[in-house]
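Under full-length UniProt numbering, the letters of the sequence shown match residues 1 to 48, in that order.
Written out below as structure tokens is the structure these notes cover.
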Amino acid sequence: MGKNIVAIVQARMGASRLPGKVMLSLHGMPIVKWVFQRTQKTKSINGT
Numbered sequence: 001m002g003k004n005i006v007a008i009v010q011a012r013m014g015a016s017r018l019p020g021k022v023m024l025s026l027h028g029m030p031i032v033k034w035v036f037q038r039t040q041k042t043k044s045i046n047g048t
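Following this line, the structure appears as structure tokens:
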């Protein structure tokens, strides 16, 4: 039986240098969504 590996994507809105960075749009999609989608595509992670 394989190990279960889970990813936790942390997103903080209160950054001091660039507040709200995770919600800024990058090619029409919030940065946090890019990170989440890349995490889901990883084969070594079983759940997010």
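Quick reminder that beta carbons are idealized off the backbone N, C-alpha and C, glycines included.
Residue j and residue i - do their beta-carbons sit closer together than 9 Å?
i	j	result
residue 29	residue 20	no
residue 39	residue 45	yes
residue 18	residue 24	yes
residue 35	residue 6	no
Quick one: what does DSSP say residue i is sitting in, helix, strand or coil?
i	result
residue 6	strand
residue 42	coil
For residue i, which beta-bridge partners are listed by DSSP?
i	result
residue 26	29
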